[in-house]
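What follows is a short report on a single structure.
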Amino acid sequence: MAAITRLRSLLFAPATRPDVLVKMPRSGPDGVVIDLEDAVPPDAKESARPNAREAGRALAGEHPALAVFVRVNAVATEWFANDVADACVPELTGIVVPKMQSSDHVATVARALGDAGLAHLQVVAGTETALGVADARDVYRPPVTVCYFGAEDFVADMGGLRTESSSEVLYARSRVALIARVSGVLALDQVVPSFGDDERFLADAAQGRALGYTGKLCIHPAQVPLAHRAFAPSPEEVDRARRLIDAYDAAIARGEAVLAFDGQMVDEPLARHARAILAAAEQSDT
Amino acid sequence: MAAITRLRSLLFAPATRPDVLVKMPRSGPDGVVIDLEDAVPPDAKESARPNAREAGRALAGEHPALAVFVRVNAVATEWFANDVADACVPELTGIVVPKMQSSDHVATVARALGDAGLAHLQVVAGTETALGVADARDVYRPPVTVCYFGAEDFVADMGGLRTESSSEVLYARSRVALIARVSGVLALDQVVPSFGDDERFLADAAQGRALGYTGKLCIHPAQVPLAHRAFAPSPEEVDRARRLIDAYDAAIARGEAVLAFDGQMVDEPLARHARAILAAAEQSDT
Amino acid sequence: MAAITRLRSLLFAPATRPDVLVKMPRSGPDGVVIDLEDAVPPDAKESARPNAREAGRALAGEHPALAVFVRVNAVATEWFANDVADACVPELTGIVVPKMQSSDHVATVARALGDAGLAHLQVVAGTETALGVADARDVYRPPVTVCYFGAEDFVADMGGLRTESSSEVLYARSRVALIARVSGVLALDQVVPSFGDDERFLADAAQGRALGYTGKLCIHPAQVPLAHRAFAPSPEEVDRARRLIDAYDAAIARGEAVLAFDGQMVDEPLARHARAILAAAEQSDT
Chain A
0 MAAITRLRSL LFAPATRPDV LVKMPRSGPD GVVIDLEDAV PPDAKESARP
50 NAREAGRALA GEHPALAVFV RVNAVATEWF ANDVADACVP ELTGIVVPKM
100 QSSDHVATVA RALGDAGLAH LQVVAGTETA LGVADARDVY RPPVTVCYFG
150 AEDFVADMGG LRTESSSEVL YARSRVALIA RVSGVLALDQ VVPSFGDDER
200 FLADAAQGRA LGYTGKLCIH PAQVPLAHRA FAPSPEEVDR ARRLIDAYDA
250 AIARGEAVLA FDGQMVDEPL ARHARAILAA AEQSDT
Chain B
0 MAAITRLRSL LFAPATRPDV LVKMPRSGPD GVVIDLEDAV PPDAKESARP
50 NAREAGRALA GEHPALAVFV RVNAVATEWF ANDVADACVP ELTGIVVPKM
100 QSSDHVATVA RALGDAGLAH LQVVAGTETA LGVADARDVY RPPVTVCYFG
150 AEDFVADMGG LRTESSSEVL YARSRVALIA RVSGVLALDQ VVPSFGDDER
200 FLADAAQGRA LGYTGKLCIH PAQVPLAHRA FAPSPEEVDR ARRLIDAYDA
250 AIARGEAVLA FDGQMVDEPL ARHARAILAA AEQSDT
Chain C
0 MAAITRLRSL LFAPATRPDV LVKMPRSGPD GVVIDLEDAV PPDAKESARP
50 NAREAGRALA GEHPALAVFV RVNAVATEWF ANDVADACVP ELTGIVVPKM
100 QSSDHVATVA RALGDAGLAH LQVVAGTETA LGVADARDVY RPPVTVCYFG
150 AEDFVADMGG LRTESSSEVL YARSRVALIA RVSGVLALDQ VVPSFGDDER
200 FLADAAQGRA LGYTGKLCIH PAQVPLAHRA FAPSPEEVDR ARRLIDAYDA
250 AIARGEAVLA FDGQMVDEPL ARHARAILAA AEQSDT
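Chains as they are written, first to last, in numbering that gives the first Met the number 0: chain A, 0 to 285; chain B, 0 to 285; chain C, 0 to 285.
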């Protein structure tokens, strides 16, 4: 399976809730995650695995355009090996592995997938510990093709506090996006736990998009359309980008490569940026 | 001596002022520092050492629960070796070494302590130069058990400017907290020089706490109770954490591991965070 | 040629516009750049080289105090080698190389300069890609003596969005300043494309200065005096620094090294900072 190129939204639901899992596609997410980790209590880890298998197979079978993942428990836990072996099916797009923080973790995941005949699956690495942020460059290697920044877990690991401004995670969140870009890995932005607060979600997603994230983890179906809105260019952005490109192309045709446009000095970097906005807008219309 | 687990406040006073040194415990700090570095002019460095010895022995002897340190001059200075040999006593909790920035510095400090029969002392590393921030991971190694971020010195070394927002040090301050966490070292937050401005101190300490710092350098006794307030959870936080844990435990008992609480989706990371707040609250009651 | 010590402003103009190039010194910039990269369209790259040679020689000859550079195209482009060989003259202060991101790039630049008999030229490295920011420490090595942070290109490379707060580049912009300082390289701050908005330029430059940048790329002559104002200490800063140093020196003379000044606890780091402000003020009067 080719590396995923678009995951504006990745919707999570507990593997213990088959009724919820089956409804996940309704909100139209780009990807869904059947969660065996944080959403499943320790004494239900084993009994949740058959649910995950069944839901994974059903979701992948009935929604071929949907990216379907299972989130297993972290490599260091007693559950990891059997989560991969018993809860994941070949029809999945991939697995999500939380709290990845070393090249050893990557090797262990690759080996577990190979042993289970799942070497073709993609791996989404969760970066949500201090060490995971510090050593992200060791983690964002094949078979990892996507990563996410988990702000709640990261701040808990740091012994810090989450605040509305998210300035306490700006360093880590920026670093994850940078190392993802350098490593050719898609970066997904932090959860917004307050699922009823649309404005907060949109503001948080706008920050994430500015930093280079291409989508968001969603913990409620209502967040999915918000994510798609946030990670698509606004009509004003698209209009401005189109006018900028027209003016720039005309300048190039005249043999110039710099022009004043709306009071801004526009050259190739700004033109490139405008083209990226237009490309994203076209993609989000489809 | 076991590694220190709590330093909400670390109060500094000049080694040249025995009258001030003796009063330091009055404000109830978790730790005190007899300063031979920034607070002592060059021509008083030598004469200050006997003061430091005497005050160190007296403070440690009379206040067994107090962490007592001597801040020596930086490794690169002409004073370092004799500061360790002549100003430090075995009764100290440890020494504070400013401007640490390489593994060579760490080795030099360890050797100097060994030569002086002080190998049991803990080392607090000052990170307050560009190189110290860049190479913190080489510095936060035994015998270093605690570090602090020195914003004034760092910004002076960068040729930058301190501003009230502290956005100019957000990168360095975040990085120091991260590398400290990764290295298992306690992180102490920057000084607030304007000692009469309680609101500023509390706001700055709240930022530091959100970033994962566990205490603050204090340059005036009035800052000590403010630090203790800032690094203890507020009554609202404690109340919310308690209610969240109750609701979460009830959910777990029902076989669920995710619940909606006050409009937030709560799972294990948020529960873990709430437990940390309750633990900190209990600690600060003692 | 000795390494440059002051570049408050570095003014760019297209190599395709000899009429503009010749006027660049009028606004009094510390340095000028004859641009063959973003400001020159692909089909004019070759024909622009003789302009660059001629303008470089003329500007350097007629303005001995002015630092004169040519910006060549990036190492990875088809134009780089001939840009160095055919557009640069020995009279230049140096060349600007955009999108530097590896030690290989540095070696290639050094070799190209040597082959062209230009080994004495300084190199200004553009850091404006994700990889360039991540691996800046491999790039800021001789012959690189100056670097700049290119926010527009960086954000375009990240797939992010530029915002007025610049919080989306705070990590990268801070990191570039830090690694520059650690490497002994002068750091120049990001472009402000909206050249008519003086307030925005000054606010952006103030952020850059606080972070440790010593000057700004300018894309319009009107930005040059603004840059000089922004990178010089304000009269209030100078006055306060002078009073602080007076009070501090008096304290030292009394055998003290800490004093309360304007409600701040002042010690050696703050005094050092004040001295740096006075030095910068004197420099900017010249």
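All C-beta atoms in this analysis are idealised placements derived from N, C-alpha and C, irrespective of residue type, glycine included.
- Arg48(A) is not bridged by DSSP to any residue.
- With 16 or more other Cβ atoms inside 10 Å of its own Cβ, Lys44(A) counts as buried.
- Shown here for Ala129(B): same chain residues with a beta carbon closer than 8 Å to its own, the five before and five after excluded, namely Phe153, Asp156 and Met157 in chain order.
- The C-beta separation of Leu201(B) from Val237(B) comes to about 17 Å, leaving the pair out of contact by the 8 Å criterion.
- The region 88-107 of chain C and the region 61-74 of chain C touch, with three or more beta-carbon pairs separated by less than 8 Å.
- At a cut-off of 8 Å between beta carbons, Tyr170(C) contacts chain B.
- Residues of the same chain with a CB within less than 8 Å of the CB of Arg174(A), apart from the 5 flanking positions on each side, are Val132 and Ala135 in chain order.
- Interface with chain B (8 Å Cβ-Cβ cutoff): Thr15(A) is included.
- Using a CB distance cut-off of 8 Å, Asp266(B) counts as an interface residue toward chain A.
- Sorting Ser8(A), Ile33(A) and Ala275(A) by C-alpha distance to the C-alpha of Asp18(A) places Ile33(A) at the top.
- Under DSSP, Met23(B) forms no beta bridge with any residue.
- Counting along the chain, Pro13(B) sits inside the beta strand (DSSP E) bounded by residues Ser8 to Pro13.
- Contact of Ala51(A) with chain C is not assigned, every C-beta pair being separated by 8 Å or more.
- Around the beta carbon of Gly254(A), fewer than 16 other beta carbons sit within 10 angstroms, so the residue counts as exposed.
- The beta carbons of Ala14(C) and Ala51(C) sit closer together than 8 Å.
- Under the Cβ criterion of 8 Å, Pro192(C) is counted among the residues facing chain A.
- Look at Asp188(A) here: in three-state DSSP terms it is strand.
- Of all residues in the region 113-138 of chain C, the ones placed with a Cβ closer than 7 Å to any Cβ belonging to chain A are Ala129, Leu130, Val132 and Ala133, in chain order.
- In this model, Val190(B) and Ala118(B) are separated by some 28 Å (Cα to Cα).
- Relative to the Cα of Glu198(A), the nearest Cα in the group Asp37(A), Ala57(A) and Arg228(A) belongs to Arg228(A).
- Burial check for Asp266(C): the Cβ neighbour count within 10 Å reaches 16 or more, so the residue is buried.
- Here Ala252(C) is actually not in contact with Leu258(C); their C-beta atoms are around 11 Å apart, not less than 8 Å.
- It is roughly 28 Å from the alpha-carbon of Pro41(C) to the alpha-carbon of Tyr139(C).
- Contact annotation for Ile218(C) against chain A: Val257, Met264 and Asp266 [CB-CB distance below 9 Å, chain order].
- In the DSSP assignment, Thr107(A) falls within the unbroken alpha helix (DSSP H) covering Ser102 to Asp114.
- Burial state of Arg48(A) is buried, judged by a 10 Å Cβ sphere holding 16 or more other Cβ atoms.
- Judged by beta-carbon spacing, Gly159(B) lies beyond the 8 Å limit of Asp188(B), meaning their Cβ atoms are not closer than that value.
- Ala231(B) carries a coil assignment under DSSP once its states are collapsed to helix, strand and coil.
- By the beta-carbon neighbour count (other beta carbons within 10 angstroms, threshold 16), Arg25(C) is exposed.
- Runs of the alpha helix (DSSP H) lying entirely within the region 123-151 of chain B and spanning at least 4 residues, in chain order: 129-133 and 135-138.
- In the three-state scheme derived from DSSP, where H, G and I count as helix and E and B as strand, Asp34(B) is classed as strand.
- The three-state secondary structure of Ala73(A), taken from DSSP, is coil.
- In the structure shown, Ala66(C) adopts extended strand secondary structure according to DSSP, grouped into three states.
- Under the three-state reduction of DSSP output, Gly93(A) falls in the strand class.
- Phe79(C) sits in a helix when the DSSP states are folded into three classes.
- Look at the region 223-275 of chain B and you find these whole runs of beta strand (DSSP E), each 3 residues long or longer: 258-260 and 263-265.
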